[in-house]
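Asker: Here the sequence shown stands for residues 15 to 155, where the numbers follow the numbering used here. Where is the CB? At the ideal position from N, CA and C, for every residue including glycine.
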Amino acid sequence: LLRSFVRSLVATAASEWVSRAQMANAKTTLYVGGLDEQVTEAFLHAAFIPFGDLKDVNIPLDHTTQKNRGFGFVTFEEKDDAKEAMENMHNAELYGRVIRCNYAKPQAIKGGEQGWSMQPVWADADKYQEEIAAGEEEEEE
Numbered sequence: 015l016l017r018s019f020v021r022s023l024v025a026t027a028a029s030e031w032v033s034r035a036q037m038a039n040a041k042t043t044l045y046v047g048g049l050d051e052q053v054t055e056a057f058l059h060a061a062f063i064p065f066g067d068l069k070d071v072n073i074p075l076d077h078t079t080q081k082n083r084g085f086g087f088v089t090f091e092e093k094d095d096a097k098e099a100m101e102n103m104h105n106a107e108l109y110g111r112v113i114r115c116n117y118a119k120p121q122a123i124k125g126g127e128q129g130w131s132m133q134p135v136w137a138d139a140d141k142y143q144e145e146i147a148a149g150e151e152e153e154e155e
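1) Please report the straight-line C-alpha distance between ASN82 and LYS69, rounded to a whole angstrom.
2) So which of GLU144, TYR109, LYS97 has the shortest CA-CA distance to GLU55?
3) Could you have a look at LYS97 and say whether DSSP puts it in helix, strand or coil?
4) Going along the chain, which residues of its own chain have a beta-carbon closer than 6 Å to the beta-carbon of MET103, five neighbours each way excluded?
5) Within a Cβ cutoff of 8 Å, which residues of the same chain sit near ALA61, ignoring the five residues on either side of it in sequence?
6) Going by the DSSP bridge assignment, what does GLU107 pair with across the sheet?
7) Thinking just about the alpha-carbon of each residue, which of HIS77, THR78, ASN72 is nearest to the one in THR89?
8) Which same chain residues, not among the five before or five after GLU91, have their C-beta less than 8 Å away from its C-beta?
9) Quick one: grab the DSSP three-state call for ASP75.
10) Taking DSSP as the reference, what is the three-state secondary structure of LEU68?
Spelled out as structure tokens, the structure:
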């Protein structure tokens, strides 16, 4: 009974801590979609650095092809810089393709066998890309 209570308490505290961290990063990390497969993290960094100091640039790779999956994430130090970058880079051309920039969805918390674990935001990116595409189709109509 005590063990169950402690697990519940730890899970609640972890969830609250992650929620606070997500709130802090919610407006500083951008999802960048529509990337050409040749775009690298260095190239994406160079494209977004004019808007402000960057904390991180990440382009997830396909496990089988080792090529980028057509999207990435750019995290700024300041939320105002992220907002300016999003406003200026959404529907801009990068490496010959029109890209989409939106605020990234925060990481999802999922229970694991060893307790709570965080799942990277890009783990559900395929579903997110489908949602973005569906939204764009609605805008066109």
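Answerer: Walking through what the data contain:
1) Roughly 20 Å between the two C-alpha positions.
2) When the alpha-carbon of GLU55 is set against those of GLU144, TYR109, LYS97, the nearest one is in TYR109.
3) The answer is helix: DSSP assigns LYS97 an H, G or I state.
4) For MET103, the CB contacts under 6 Å within the same chain, skipping 5 residues up- and downstream, are CYS115 in chain order.
5) If we look at ALA61 and ignore the five residues flanking it on each side, its Cβ neighbours are MET103, LEU108.
6) Its beta-bridge partners are VAL112.
7) Among HIS77, THR78, ASN72, the Cα nearest to that of THR89 belongs to ASN72.
8) Contacts found: THR42, GLY66, ASP67, LEU68, LYS69.
9) Correcting the residue identity first, residue 75 is Leu in this sequence and not Asp. Look at LEU75 here: in three-state DSSP terms it is strand.
10) For LEU68, the secondary structure class from DSSP, reduced to helix, strand or coil, is strand.
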